Amino acid sequence: MDSYMKLSFHKAPLQKSRSRRYEMDMTKGPLLPEILIFSGPLILTGILQLLYNAADIVVVGRFAGAASLAAVGSTGSLINLIVNIFMGLSVGASVMVARYYGAGDHKAVQDVVHTSILVALISGIAVGIFGFVMARPILHWMDSPDDVIDLAALYVRIYFLGMPFNLLYNFGAGILRAVGDTRRPLYYLTISGAVNVVFNLILVIVFKMDVAGVAIATVLSQAISMVLVLMCLIRSHTSIHLDLRKLCIKKKALIGIAQVGLPAGLQGSLFSISNVLIQSAVNSFQSVAMAGNAAASNLEGFVYTAMNSIHQADLTFASQNYGAKNIPRVKKTLWNCLGTVTVIGLALGLFIMFFDRFFLGIYNQDPDVIDFGVLRMHIILPTYFLCGMMDVMVGQLRGIGYSVLPMIVSLSGACLFRIIWIMTIFAVPEFHTLQVLYISYPVSWGLTFSIHMICYLVIARRKFREDPGAEHAA
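Take the sequence shown: its position 161, counted from the start at 1, is 142 in our numbering, and no numbers get skipped.
1) Quick check on LEU228: does DSSP put it in helix, strand or coil?
2) Could you check where the alpha helix (DSSP H) with SER206 kicks off and where it finishes?
3) List the whole-angstrom C-beta distance separating SER268 from VAL129, where the pair is believed to meet the contact cut-off of C-beta under 8 Å.
4) Comparing alpha-carbon positions, which option in SER104, PHE298, SER255 and GLY46 lies nearest SER20?
5) With a threshold of 8 Å on Cβ separation, who are the neighbours of ILE186 within its own chain once the five nearest residues in sequence on each side are excluded?
6) LEU225 and LEU29 look like a contact to me (Cβ under 8 Å); what is the Cβ gap, rounded to whole Å?
7) What is the DSSP secondary structure of LYS233, counted as helix, strand or coil?
8) Rank LEU214, THR163 and GLY10 by C-alpha distance to the C-alpha of SER97 and give the top, closest one.
9) What runs of the alpha helix (DSSP H), each 4 residues or longer, lie entirely inside the stretch 300 to 356?
10) One question on the structure: do ALA126 and ASN264 come within less than 8 Å of each other, judged by their Cβ atoms?
11) Using C-beta distances below 7 Å, list every residue in its chain close to ALA52, excluding the 5 sequence neighbours before and after it, in chain order.
12) Considering only C-alpha positions, which residue in the set PRO11, THR314 and ILE197 is nearest to GLY380?
13) Tell me where the alpha helix (DSSP H) around ILE381 begins and ends.
14) Label GLN293 either buried or exposed according to how many other C-beta atoms from any shown protein chain fall within 10 Å of its C-beta, with 16 as the threshold for buried.
15) With burial defined as no fewer than 16 other Cβ atoms inside 10 Å of the residue's Cβ, what is the status of MET212: buried or exposed?
16) Relative to the C-alpha of VAL373, which candidate in LEU415, GLY427 and GLY85 has its C-alpha closest?
17) Can you list, in chain order, the residues of its chain whose CB lies under 7 Å from that of SER253, leaving out five sequence neighbours each side?
18) Only counting the same chain, and skipping five residues up and downstream in sequence, which positions put a Cβ closer than 6 Å to that of CYS396?
19) Please report the straight-line C-alpha distance between PHE339 and ILE351, rounded to a whole angstrom.
20) Going by alpha carbons, who is nearest to HIS95 out of PHE111, LEU31 and SER71?
21) In three-state DSSP terms, what is LEU223?
22) I'd like to know whether the C-beta atoms of LEU367 and GLN416 end up nearer to each other than 8 Å.
23) Over what stretch of residues does the alpha helix (DSSP H) that includes MET434 continue unbroken?
24) In the DSSP assignment, find the unbroken alpha helix (DSSP H) run with GLN30 in it and report its ends.
25) Quick check on DSSP: helix, strand or coil for VAL472?
26) Nearest by alpha-carbon distance to TYR365: which of MET334, ALA35 and TYR140 is it?
27) Please classify TYR285: is it buried, with 16 or more other beta-carbons within 10 angstroms of its beta-carbon, or exposed?
28) Give the DSSP-derived three-state secondary structure of ASP6 in the structure shown.
29) Can you give me the Cβ contacts of PRO(-6) inside the same chain, cut-off strictly under 8 Å, excluding the 5 residues immediately before and after it?
30) So, is TYR437 buried or exposed, given that buried needs 16 or more other C-beta atoms within 10 angstroms?
31) Tell me which residues share the same chain as GLY354 and place their Cβ nearer than 6 Å to its Cβ, disregarding the 5 neighbours each side in the sequence.
32) Using the rule of at least 16 other Cβ atoms within 10 Å of the residue's Cβ for burial, across every protein chain shown, is VAL90 buried or exposed?
33) Would PHE180 pass as a contact of LEU148 if the rule is Cβ separation under 8 Å?
34) Can you tell me where the alpha helix (DSSP H) with GLN91 in it begins and where it stops?
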């Protein structure tokens, strides 16, 4: 008898029901309503996260100045470049938990849970040390201006001290999402985010700590969210129960996580290279352009996080149903998610664009900063739904066991394309403008989505004729 069954027999039925009420069997019931029920808390979680991140930007922009705003806003691509490879592993853990959960293999779920949490701890310590040491050299490579680089380096170094908290939370939240629990991560983020806002105001306004205060508040909030999500797993009475005494690396679980997660993480990190290059190109103008770009990017994040929740839904629903060998439902998941993400992307994008100057004014009152932000938003927001469609295709492919293929397509269609764009079209003096730079985004999204769709149709025609339970990592 495996450890999961022993655990279940020793707990009261009432306790088990309390744990299970947050979970979702995605292999049954009306599909679109379940996708929306799953995605709703994810959207709210993402929006809350962005509101708390926006609080960082707003506080430094209003109370510390444009240089501090540029310093905090310009570090996102650098941070993503370093941490995305490990965030990809959390995607791998989530996919494997969902697949085994859908198949009813509770022992395998336990192995993935304990393996992934230990991987998160080790990775968090390693990436934290690397980011702390390499922050300033990489910022130099990104051509950060002299009036920004010291503040940006300070922010990044403090941020990376909290990396173990960050990764442990994300791995734990990924495990909860894999079994359909998107509500409790929302509750935990509400608590930790409120702490973040309060400490932002105290440390920046009262103690005049500038970007250091913002970074410290972020680390404290990440520590709180980590504690809450780990306590949730420890107190669970289902197959995702975490026993800290049983933390170990299970070979099969690690291989499964790596097969899905490493390509996803590599894609994210290499994708960030193109964003770092674009940020470097923005840096070549002036700090006021950087500030406008940072504010606009933060506003666009509200649209992205809503669309990304549909990507997460597609990934999880496809994984559970593929594990349960329910192929018709796997296919229906894709089309439902593509339609939903298009509606969300267009509706939110056009809404924010309509009130562009009002929203940008929340971040900074400088008319030049607002003008640069409007320039970016009017190119990105009307076409942002293409990014959502592209991500949904990636989620579908990973959900059915393909992780290397979407990585190659995404890197070629988006990352490599943007690099070529910057080195050729943008390099021409008469085309060396922010408009030309920003146009590379929608063109790359549309190109990558189209290639993903062609690949999926070819794969589905062949793969779904085979044994749907066979595992692939192509």
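Glycine included, each C-beta is placed from N, C-alpha and C at the ideal position. Everything numeric in this text was worked out from a predicted model, so none of it was measured.
Per the coordinate set shown:
1) coil
2) 191 to 216
3) 6 Å
4) PHE298
5) VAL40 and PHE44
6) Contact flag wrong, Cβ pair sits at about 28 Å.
7) helix
8) LEU214
9) 308 to 335 and 337 to 344
10) Looking at the sequence shown, residue 126 is not Ala but Pro. In this structure, ASN264 lies closer than 8 Å to PRO126 by Cβ.
11) VAL129, LEU132, ALA133, TYR136 and VAL192
12) THR314
13) From DSSP, ILE381 is part of no alpha helix (DSSP H); its letter is neither H nor E.
14) buried
15) exposed
16) GLY427
17) SER58, ASN61, LEU62 and ASN65
18) LEU251, PHE252 and SER255
19) 9 Å
20) SER71
21) coil
22) no
23) 415 to 444
24) 12 to 44
25) No answer is possible for residue 472: the residues shown for the chain start at -18 and end at 455.
26) MET334
27) buried
28) coil
29) Residue confidence for PRO(-6) is low, a pLDDT of 38 falling below 50, so the modelled location carries little weight and cannot support an answer.
30) buried
31) GLY273, ALA276, ALA277 and LEU341
32) buried
33) no
34) 87 to 122
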